[in-house]
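With my numbering applied, the sequence shown corresponds to residues -10 to 264, in that order.
Built from N, CA and C at the ideal position, the CB exists for glycine as well.
Following: one structure in structure tokens, then a few remarks.
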Amino acid sequence: GSIEDMILGVNYASAGAGIIFSSGSELGQHISLAQQIEQVTDTIQQFIMTIGEEATADLISTSVFYISIGTNDYIHYYLRNVSDIQSVYLPWSFNQFLAQTMKQEIKVQFILLLYMSAMLSKAFSRNLSNVYILVEQNLYNANVRKVVVMGLAPIGCAPYYLWLYHSKNGQCVETINDMILEFNFAVRYIVAELNEELVGATVIFCDAFEGSMDIIQNHDRYGFNVTDEACCGLGKYRGWILCISPEMACSNASNHIWWDQFHPTDAVNAILADN
């Protein structure tokens, strides 16, 4: 897109990508979390070349970095037992591994942005070793980074797993949701750690699980008639075969909580965003 559009916001999301590099590899080429973070620095360099150093520094200081990733690490990796991962990691260990990997990537992002901010402001040495010192010091003179980290939604309620686990009456698969709750708890903890370790940073955790379950359990209040069946797909709960053509879609998506096997409808996303 144009620089004018990019100043308003840039989406680095990649279909199938996860926290782990190999997550979603069966879906084809994708851009991992680590690679997406590299793209952030590329974007900042584009800004410097186009709008100048001072304007770029101001832009960074007022930007919010939104991280929403991890679902594919379960859907397309752990729960599929790719590379026999379940024999290597029990659910608790896998959750901890994912959360710690995310923490390290966020720290890398913060350090890279801090380094670029230091270069732009010319207030600090360009020696990278000084950047690590700054992370441990008060960042009063540096641009504060604002990061929002999203927890994962209750994928145990997704139509695919209702079909796969032969759910009765559309009941969510609790074993999967328990894993997600445990991961979210671990992410809450690493967010608290990041706020302590990255002095001057503001890192916030958003609970997508609680908000999604509120919609599912109180669907009438939110105007949803269909809670367990996807709008687009085939099979029981329309969770067996994924949505591959517009002809497969229902005519009233706004009445559904789920769009396809795994993704909520725009109507659900709008409510979550507003809340």
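For residue i, collect the residues of the same chain with a Cβ closer than 6 Å to its Cβ; drop the 5 residues on either side in sequence, then sort them by chain order.
i      : result
Thr191 : Lys135
Pro148 : Ala219, Tyr226, Arg227, Gly228, Trp247 and Gln250
Asn84  : Glu171, Phe172 and Ala175
Met168 : Pro80
Gln28  : Tyr1
Tyr67  : Ile74 and Phe83
Ile193 : Val137
In whole angstroms, what is the alpha-carbon distance linking residue i and residue j?
i      : j       : result
Ile74  : His19   : 20 Å
Ala2   : Asp62   : 14 Å
Arg177 : Ser(-9) : 36 Å
Tyr78  : Glu42   : 46 Å
Cys287 : Ile230  : Residue coverage of the chain in this structure runs from -10 to 264, which leaves residue 287 outside it and unanswerable.
Ala181 : Ile233  : 41 Å
Cys239 : Phe198  : 25 Å
Ile144 : Met38   : 42 Å
Thr90  : Val97   : 11 Å
Asn207 : Asp217  : 13 Å
Ala44  : Pro235  : 44 Å
Thr32  : Gly224  : 43 Å
Asp255 : Ile205  : 15 Å
Leu153 : Asn244  : 23 Å
Pro253 : Arg210  : 17 Å
Val71  : Val162  : 20 Å
Ile179 : Gly189  : 16 Å
Gln160 : Ser76   : 28 Å
Ala274 : Met202  : What is shown of the chain runs -10 to 264, which leaves residue 274 out entirely.
Here's the rule I'm using: 16 or more other beta-carbon atoms within 10 Å means buried, otherwise exposed. How should residue i be labelled?
i       : result
Phe251  : buried
Asn158  : exposed
Arg227  : buried
Tyr129  : At Tyr129 the pLDDT is 29, less than 50, meaning the model places this residue with poor confidence and gives no usable figure here.
Leu(-3) : exposed
Gly212  : exposed
Thr51   : exposed
His155  : exposed
Ala46   : buried
Asn166  : buried
Ile95   : buried
Ala142  : buried
Can you check which of these residues, the options, is closest to residue i by C-alpha distance?
i      : options                            : result
Asn0   : Ser57, Asn264 and Phe10            : Ser57
Gly6   : Ile26, Asn241 and Ile260           : One detail in the question is off: residue 6 reads as Ala in this sequence, not Gly. If we check each option's Cα against that of Ala6, Ile26 comes out closest.
Tyr150 : Gly140, Thr164, Phe36 and Met139   : Thr164
Val137 : Phe54, Gly222, Gly200 and Asn264   : Phe54
Thr60  : Tyr211, Glu236 and Cys146          : Cys146
Gly200 : Met(-5), Val29, Val257 and Cys161  : Val257
His65  : Thr45, Gly224 and Ser12            : Ser12
Gln24  : Ile179, Gln34, Phe10 and Ile205    : Phe10
Leu183 : Phe36, Gln93 and Ile33             : Gln93
Gln35  : Asp255, Asp(-6), Asp263 and Asn214 : Asp(-6)
Asn241 : Leu261, Asn214, Ile260 and Asp263  : Asn214
Leu261 : Val188, Gly140 and Glu186          : Gly140
Cys195 : Ser72, Asn264, Ala259 and Asp203   : Asn264
Keeping to the same chain, check which residues put their C-beta closer than 7 Å to that of residue i; ignore five residues upstream and five downstream.
i    : result
Ile8 : Leu22, Ile58, Gly59, Asp62, Leu87, Thr90 and Met91
When the cut-off is 8 Å and only beta carbons count, does residue i lie next to chain E?
i      : result
Ile144 : Absent from the structure: chain E. Only one protein chain is present.
For residue i, which residues in the same chain have their Cβ closer than 8 Å to its Cβ, ignoring the five residues on either side in sequence?
i      : result
Ile48  : The sequence given here has Leu at residue 48, not Ile. Around Leu48: Ile(-4), Phe36 and Ile40.
Glu185 : none
### Task
Within the segment 129 to 203, note down every full alpha helix (DSSP H) run reaching 4 residues or more, in order along the chain.
Here the runs fully enclosed are 148 to 153 and 163 to 186.
### Task
Counting only runs of 4+ residues fully inside the segment 43 to 101, write out the alpha helix (DSSP H) ranges in chain order.
Taking only runs of at least 4 residues, the alpha helix (DSSP H) segments lying wholly in the segment 43 to 101 are 74 to 77.
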